[in-house]
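A short worksheet on the structure shown next.
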Amino acid sequence: MKVTTFAIKIWRWLSLLFVIGALMWTYSLFPEMVAVDFSDTGLAEKYLSKEHVFYIVMGLFLLNNVLITGLAKHVPKVDAMNLPILNKKAWAAHRTELDEHLTNWLYCLVAVINTIIGFSLLALATINSMQYKMDVFDFSWVYYVGLGLIFFVFLLPLRLLWAPAPEERL
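With the numbering used here applied, the sequence shown corresponds to residues 652 to 821, in that order.
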């Protein structure tokens, strides 16, 4: 197993635990009505019940972790000629490397979505808390971190634009 494969699997499992922990913790902290939309001045405009927030996040969590992970498990079963990549013939000759790269990309996508959901839950809980004096603008970093992670994960398939490196024989 390559180091990148191991790191992505660890990140995916840690992000899974992060979302579950953040969801349980924030559900216990949320008031009955959770502010979810804010005006330009930072005042709450729209509210949802904490049960609705829970079910929305749980739905996103299940879609992300079941569908995308299920898709990743079926990548090796798809014929390389049917995949939307360049240099199909060259990659078909290196099928194990192609499968590993595509599976890692999908697992990385799952980890990124989980991480963004977890940070968003923590920010939402802090904003709605009476204990902390933070407003919505203190958490603008979540937007930029999320944008950076999404940009990162969509750069990973760029490796598939080039043919795989030939194996060195001794």
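We put the CB at the ideal spot given by N, CA and C, even for glycine.
> So V685 is in the beta strand (DSSP E); what residue range does that whole segment cover?
Replying inline: M684 to F689
>> In the DSSP output, what is S700 paired with across the bridge?
In response: M684
> Three-state secondary structure (DSSP) at A695?
Replying inline: strand
> When the Cα of L809 is compared with those of L680, I736, H725 and D730, which residue comes out closest?
Replying inline: I736
>> Using 8 angstroms for Cβ pairs, my map puts A673 next to G769. What's the rounded Cβ distance?
In response: 4 angstroms
> H752 by DSSP, collapsed to three states: which one?
Replying inline: helix
> Does the beta-carbon distance from V687 to L699 come in below 8 angstroms?
Replying inline: yes
>> Quick check on this structure: which residue in K724, Y794 and A744 has the alpha carbon closest to the alpha carbon of A774?
In response: Y794
> To the nearest angstrom, how far is it from the Cα of E751 to the Cα of N738?
Replying inline: 17 angstroms
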